[in-house]
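Enquirer:
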Ligand SMILES: Nc1nc2c(ncn2[C@@H]2O[C@H](COP(=O)(O)OP(=O)(O)OP(=O)(O)O)[C@@H](O)[C@H]2O)c(=O)[nH]1
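In the UniProt record's numbering, the protein residues as written are 1 to 513.
(1) Skipping 5 residues on each side, what residues in its chain have a beta carbon closer than 6 Å to that of residue 510?
(2) Between the Cα of residue 279 and those of 235, 453, 212 and 369, spot the shortest distance and give me the residue it belongs to.
(3) At which residues does the beta strand (DSSP E) containing residue 355 begin and terminate?
(4) Residues bridged to residue 515 by DSSP?
(5) Measure the CB-CB distance between residue 361 and residue 346 and report whether it falls below 9 Å.
(6) Spatial neighbours of residue 218 within its chain, please: C-beta separation below 7 Å, excluding the five flanking residues on both sides.
(7) Distance check for residue 363 and residue 385, CA to CA, integer angstroms please.
(8) Say yes only if the C-beta of residue 354 is nearer than 8 Å to one or more non-hydrogen atoms of ligand 2, and no if none qualify.
(9) What does the Cβ neighbour count give for residue 334, buried or exposed, with the cut at 16 atoms within 10 Å?
(10) Could you tell me the distance, in whole angstroms, from the CA atom of residue 301 to the CA atom of residue 294?
(11) Give a yes or no on contact between the stretch 373-382 and the stretch 316-326, applying the rule of three or more CB pairs nearer than 8 Å.
(12) Measure the Cβ-Cβ separation of residue 391 and residue 344 and say whether it is below 9 Å.
(13) The alpha helix (DSSP H) with residue 529 in it runs from where to where?
(14) Following a CB-centred definition, is residue 219 positioned closer than 8 Å to any heavy atom of ligand 1?
(15) So is the beta-carbon of residue 400 under 8 Å away from any non-hydrogen atom of ligand 1?
(16) Is any non-hydrogen atom of ligand 1 found closer than 8 Å to the C-beta of residue 321, if you look at the structure I gave you?
(17) In the DSSP assignment, find the unbroken alpha helix (DSSP H) run with residue 343 in it and report its ends.
(18) How about residue 462: is its Cβ closer than 8 Å to a heavy atom in ligand 1?
(19) Between residue 262 and the rest of its own chain, which residues show a CB-CB distance below 8 Å, the 5 nearest in sequence each way excluded?
(20) Give the DSSP-derived three-state secondary structure of residue 508 in the structure shown.
(21) List the endpoints of the continuous alpha helix (DSSP H) containing residue 397.
(22) Skipping 5 residues on each side, what residues in its chain have a beta carbon closer than 7 Å to that of residue 320?
(23) Helix, strand or coil for residue 416? Go by DSSP, reduced to three states.
(24) When burial is assigned at 16 or more other CB atoms within 10 Å of the CB, is residue 452 buried or exposed?
(25) Taking only three categories from DSSP, how would you classify residue 237?
(26) Going by other Cβ atoms of all chains shown within 10 Å of its Cβ, with 16 needed for buried, is residue 274 buried or exposed?
(27) With three or more C-beta pairs closer than 8 Å as the rule, is the stretch 220-234 touching the stretch 440-454?
(28) Hey, out of 411, 387 and 357, whose CA is closest to residue 373's CA?
(29) Would you mind stating whether residue 466 and residue 395 have Cβ atoms separated by less than 9 Å?
(30) Please name the residue, chosen from 454, 211, 471 and 428, that lies closest to residue 311 on a Cα-to-Cα basis.
(31) Would you call the CB atoms of residue 455 and residue 430 closer than 9 Å?
(32) Answer yes or no: does any C-beta atom of chain C fall closer than 9 Å to that of residue 456?
(33) What does the Cβ neighbour count give for residue 513, buried or exposed, with the cut at 16 atoms within 10 Å?
(34) Beta-carbon within less than 6 Å of residue 501's beta-carbon, same chain only, minus the 5 sequence neighbours each way: which residues are those?
(35) Along the chain, where does the beta strand (DSSP E) containing residue 435 start, and where does it finish?
(36) Nearest to residue 209 by CA position, among 498, 259 and 493, is which residue?
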């Protein structure tokens, strides 16, 4: 069979040759979307269809399958956003009246002691030089502590099939507040989470370089891919069947149909009926992957003329937003920048707690309010305070939300509208945090989050929890959005700026150049 006759993935699926993949859709800027007037939202969530963009053809073979995230049950009771605040009231260091109490109505979790005063937001400033973190008596990973399973090494996500992976949610009672002292021991799951991530770095218990972390983190994907390549190309001449099998292996690793076809064609070019070694194939794949990723591997650039440089983080539940903010705050501080955190995930007590602990441990001020406060108002006040303090970077956390829930996405639009009352260019960066273990669902997350917020870059977490790390290449091919950071573990050193060559070599199992 010649090159031309070789059917692609769809061709083999439907018995046709070379069916082209659906043309990628451009992410839609929030400004181009009809304004969701939050006050007009009803408590009833619209159906998926009402928020999907223009009927797109399936972007992948997994589209149309159940959304992995719809199994989550912690968002259905979030009420719609309400009206906007008055931005022209500069002296109020609290939620503007128009916003006060009008937004999230979480499940009641009354604190055990005093009732927080809505007009006096809890604003925590932590000393710039935190005490060293105490060594935990026994270092176990988060999942094993949560489950009590000593043997558990893999993350929960790593143990579930892609389609049903719903990130672990741990509800922490509101009364579990983090003490202000810097030498605290974790008092709850959220605190433990942040504490573990930081303590690994502070104590230097795992002093490994990034390449070692990256290759270890990518091992599930690289082993699966490498094994297939070895199996396919050892002592075999290259023919159409071998290339089809390679294409299938690449699709299984979530590279996307179009990219998989392009990569297998690159391997086959001029080599039909000749021998090719597995290492040569890996090298060709690595070159193709690097070529795809090079244009999107862009570091985040903090414009120091903007004080603060406002970074909004968005994403679905459990994608790793809060953890990423904690890790980024350490990086920015290490660069000599002053940082402030805004606990805009006002929906989940554990998330507020988690960010406070990150703040305590990294010596970063955290603006937080009681659970259920209005997130847009909090973001507005944090921005104002950071500006008054001359803070370099303000990182705003937001509640996890499913990309197909219109009410929650409208709330995100509201946060953006509200902070733009202080600076029309804000947020200066909007990072969409994507959990690699969700596979092809990440494509729809990019599309739909881009409609609610001006997504300017991606952070991909949990590449260590999946054998389908090729999704990053599929995302690059489809959207071309900058990839700023990738995460390969829970530790603070497991998030690093994205480098195309390193990633390409790690995912194909090649040594560092
Ligand atoms: N294995 C692994 N786990 C990660 C990574 N990044 C984050 N996590 C874990 O993912 C879990 C969820 O992270 P969070 O930061 O709480 O996620 P979130 O997006 O803020 O969650 P919500 O508040 O529910 O929206 C935590 O257990 C993190 O430690 C990563 O790169 N690898």
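Where is the CB? At the ideal position from N, CA and C, for every residue including glycine. Source: prediction; values computed, not measured.
Expert: Once the coordinates are examined:
(1) Non-local beta-carbon contacts of residue 510 in its own chain, meaning distances under 6 Å to residues more than five positions away in sequence, involve 282 and 286 in chain order.
(2) Measuring from the Cα of residue 279, the nearest candidate turns out to be 235.
(3) Note, residue 355: premise wrong, no beta strand (DSSP E); alpha helix (DSSP H) at 349-362.
(4) The requested residue 515 is not part of the displayed model; the chain covers only 1 to 513.
(5) Taking 9 Å as the Cβ cut-off, residue 361 and residue 346 do not qualify as a contacting pair.
(6) Closer than 7 Å at Cβ, skipping near neighbours: 463, 469, 488, 506 and 507.
(7) Their Cα atoms are separated by approximately 17 Å.
(8) Ligand 2 is not among the ligands present in this structure, which contains only ligand 1.
(9) With fewer than 16 other CB atoms across the displayed protein chains lying within 10 angstroms of its CB, residue 334 is exposed.
(10) Straight-line measurement puts the Cα of residue 294 at about 17 Å from the Cα of residue 301.
(11) Here the stretch 373-382 makes no contact with the stretch 316-326; the two share fewer than three CB pairs at distances below 8 Å.
(12) It is not a contact, given that the beta carbons lie outside the stated cut-off.
(13) Since the first and last residues shown for the chain are 1 and 513, residue 529 lies out of range.
(14) Answer for residue 219: no, Cβ out of range of ligand 1.
(15) The beta carbon of residue 400 sits closer than 8 Å to at least one heavy atom of ligand 1.
(16) With a threshold of 8 Å, the Cβ atom of residue 321 counts as near ligand 1, since some heavy atom of the ligand is closer than that.
(17) Under the DSSP assignment, residue 343 falls outside any alpha helix (DSSP H); it carries neither an H nor an E label.
(18) Checking every heavy atom of ligand 1 against the Cβ of residue 462, one is found closer than 8 Å.
(19) Here residue 262 has 288 as same chain residues with Cβ atoms under 8 Å from its own Cβ, once five neighbours each way along the sequence are excluded.
(20) Judged by DSSP in its simplified three-state form, residue 508 adopts coil rather than helix or strand.
(21) Annotation for residue 397: no alpha helix (DSSP H) segment contains it, and DSSP assigns it neither H nor E.
(22) Exclusion of the five residues before and after residue 320 leaves 433, 435, 461, 462 and 487 as the residues of its chain whose Cβ lies within less than 7 Å of its Cβ.
(23) It is helical.
(24) Buried: at least 16 other Cβ atoms inside 10 Å.
(25) DSSP places residue 237 in the strand class (E or B) of the three-state scheme.
(26) It is exposed - the Cβ of residue 274 has fewer than 16 other Cβ atoms within 10 Å.
(27) Touching, no, given that fewer than three Cβ pairs across the two stretches are closer than 8 Å.
(28) For the set 411, 387 and 357, the Cα lying nearest the Cα of residue 373 is the one of 411.
(29) In this structure, residue 466 sits away from residue 395, with a CB-CB distance that is not shorter than 9 Å.
(30) Selected option, being the one with the closest Cα: 428.
(31) With contacts defined by Cβ atoms closer than 9 Å, residue 455 and residue 430 form a contacting pair.
(32) The question asks about chain C, but that chain is absent: this structure has only one protein chain.
(33) Exposed, because fewer than 16 other Cβ atoms sit within 10 Å of the Cβ of residue 513.
(34) Once the five neighbours on either side are set aside, the close Cβ partners of residue 501 are 290.
(35) DSSP places residue 435 inside the beta strand (DSSP E), whose first and last residues are 429-435.
(36) Residue 209 has its Cα closest to that of 493, out of 498, 259 and 493.
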